[in-house]
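These notes concern the structure reproduced below.
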Amino acid sequence: MPSTWDSIRDQFPILAQQVNGHPLVYLDNAATTQKPLSVTRALDRFYALDNANVHRGLHALSMRSTDAYEGARSRVRAFINAEAPEEIIFTRGTTESINLVAASWGSANLRKGDVILLTEMEHHSNLVPWQLIAQRTGAIVRYVPVTGDEGLLDLASLDSLLTPQVKVLAFTHVSNTLGTINPAAELCARARKLGIVTVVDAAQSIGHMPVDVRAIGCDFLAFSGHKMASVTGIGVLYGRRALLDAMPPWQGGGGMISSVDFEGSRWKPSPERFEAGTPNFADAVALGVSCDFLDGLGRDKIQHHDGALAKEAYDRLSELPGIRILGPRGERGGLVSFAFDGVHAHDVVTFADEDGVALRGGHHCNQPLMKKLGLTSTVRASFYVYNVRSEIDALVASMARTLKFFA
Ligand code: C6P
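In this text, residue positions in the sequence shown follow numbering that gives the first Met the number 0: the first is 0, and each later residue adds one.
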């Protein structure tokens, strides 16, 4: 499997196309990344040779398929340095992972008056599930403030927010709108001292930098395969084993029970307890191959590559008239989001598409943050391993053309 930086673009045939008469410049990686041939071929191979339902059959294909699925679980364990494969639950993605924690852990542990502490930069997926469980339990949701356009968490306010009522602190590792990299280990350490459970939304960090759950010290961590060079429909919830073992099932069905009577049922331990029904085993296998791909490149190197492109884009874009760029100027994740005075983000993105440049425009599922910053939408350029500096030239040229048109 080629996984070198030299031939990186060859591993993503989708990039070698023209869009509207221009070479495609794909800068919408925070929404979803492209998939390398090693991953799509592994999926193809699995369906061509090994496909059978897992954990249910005693025939050769089912055993092979089960081995591949459980092998993927072990691969993901190693990828995030969890202690045991039982701490890896396969889900549909970050959204489902956080809903699982909020509903299962939340229903067993939250009571009226307890506080769920989030931050103002949370994606709706790490906000709405907590609002839902708050409504059901009588818990209260509070937010760590964001400092403003520079997009940092106001850590000075944490001391007063970390009251004895706080039961859970859930925050994003990297903001999908600001690009901020939050100090995850520091936040988890402060919470842990007070016995507060921590949930890290790693959707925007998992494919872009080293993510080590033991170094971070979190209780739960959620991510999606499709944002880390893998396929859609598969994701992970990592949970500390002691917490998972004490949590009730979230969904009921086949595969998650140890026995069932007409009167009631008993559950298996994690991970089966949280994987009711036929799991998405084929995509889990593909996820394991993506872990190989990213480790082959080196996650430190990926962080450096994506961060350097984002920083250069920030510097170049900041020379454009009437631009407002969100997020920290210094170290950031691999994305930049910005707004132009008097030009709607959707117009900017439509113009960019004419130039073959794929961007995202909108609220990025961060409506409360947008409202706080007095915006309805931003344009976002987000980078990944196959992006190159000349694509920043194309981005800046396209933005300049748009501004000229609207001037
Ligand atoms: N953000 C973006 O364009 P799912 O959809 O479950 O794979 O991931 C949800 C999610 C959760 N947290 C963060 C920080 C995210 O960025 C996302 C997905 C995409 O920014 C789609 S809105």
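Quick reminder that beta carbons are idealized off the backbone N, C-alpha and C, glycines included.
N- and C-terminal bounds of the beta strand (DSSP E) containing residue i
i, result
"A221", "F219 to S223"
"Y142", "I139 to V143"
"V348", "Unbroken run through V348 is the alpha helix (DSSP H), A344 to E353; no beta strand (DSSP E)."
"V335", "L334 to F339"
"S381", "T377 to S381"
"L99", "Per DSSP, L99 belongs to no beta strand (DSSP E); it is in the alpha helix (DSSP H), T93 to L99."
"A169", "V165 to T171"
"T118", "V114 to T118"
Cβ-based neighbour list, residue i, same chain, cut-off 7 angstroms, excluding 5 preceding and 5 following
i, result
"A41", "V284, A285 and V288"
"I87", "R72, V75, R76, A81, V235, Y237 and P270"
"I322", "L316, F337 and F339"
"Q16", "L23"
"G276", "G252, G253 and G254"
"A188", "G216"
"Y142", "L117, T118 and E119"
"G232", "R91, N279 and D282"
Near the ligand C6P: residue i beta-carbon under 6 angstroms from a heavy atom
i, result
"Q203", "yes"
"H363", "yes"
"A228", "no"
"H345", "no"
"G360", "no"
"H414", "The shown model of the chain, from 0 to 406, leaves out residue 414, and the question about it has no answer."
"D305", "no"
"N175", "yes"
"T136", "no"
"G224", "no"
"G92", "yes"
"A183", "no"
"A101", "no"
"T171", "yes"
"A380", "no"
"D282", "no"
"D49", "no"
"D200", "yes"
"A29", "yes"
Beta-carbon proximity of residue i to residue j, cut-off 7 angstroms
i, j, result
"D354", "H21", "yes"
"Y407", "A357", "The requested residue 407 does not occur in the structure, where the chain is confined to residues 0 to 406."
"V137", "G326", "The sequence given here places Gly at residue 137; Val does not occur at that position. Their beta carbons are not under 7 angstroms apart, which means G137 does not touch G326 by this criterion."
"A184", "N125", "no"
"H172", "S204", "yes"
"A309", "L334", "yes"
"W249", "A102", "yes"
"D27", "R328", "no"
"V167", "I97", "no"
"V53", "F280", "yes"
"M120", "L161", "no"
"V165", "I301", "no"
"L220", "V212", "yes"
"A202", "T93", "yes"
"A312", "A396", "no"
"H363", "N175", "yes"
"P278", "F89", "yes"
"D113", "H207", "no"
"L152", "T118", "yes"
"V145", "Q130", "no"
"V378", "A344", "yes"
"I132", "G105", "yes"
"I13", "Q33", "yes"
"R239", "D218", "yes"
"A155", "P35", "no"
Beta-carbon contacts of residue i that lie in its chain and below 8 angstroms, excluding the five residues immediately before and after
i, result
"A399", "L319"
"N50", "L60, S64 and A281"
"I256", "S264, R265, W266 and K267"
"G332", "V173, S174, G178, T179, I180, Q203, S204, H207, M208, D305, G306 and A309"
"P1", "Bear in mind that a pLDDT of 44 at P1, under 50, signals an unreliable position, so the number given afterwards is only what the model happens to contain. For P1, where only same-chain residues beyond five positions count, the Cβ hits under 8 angstroms are D9, Q10 and S37."
Sequence-distant residues of its chain with Cβ nearer than 6 angstroms to residue i (five each side left out)
i, result
"N19", "E353 and G355"
"F404", "none"
"T401", "V347 and F350"
"L243", "S269"
Endpoints, the alpha helix (DSSP H) within which residue i is located
i, result
"A67", "A59 to I79"
"K310", "R298 to L316"
"A133", "V127 to T136"
"F405", "R388 to F405"
"G105", "G105 to N108"
"R359", "Careful: R359 lies outside any alpha helix (DSSP H), inside the beta strand (DSSP E) at R359 to G361."
Which complete beta strand (DSSP E) runs does the region 200 to 271 hold, if anything under 3 residues is left out?
219 to 223, 234 to 238, 256 to 259 and 264 to 266
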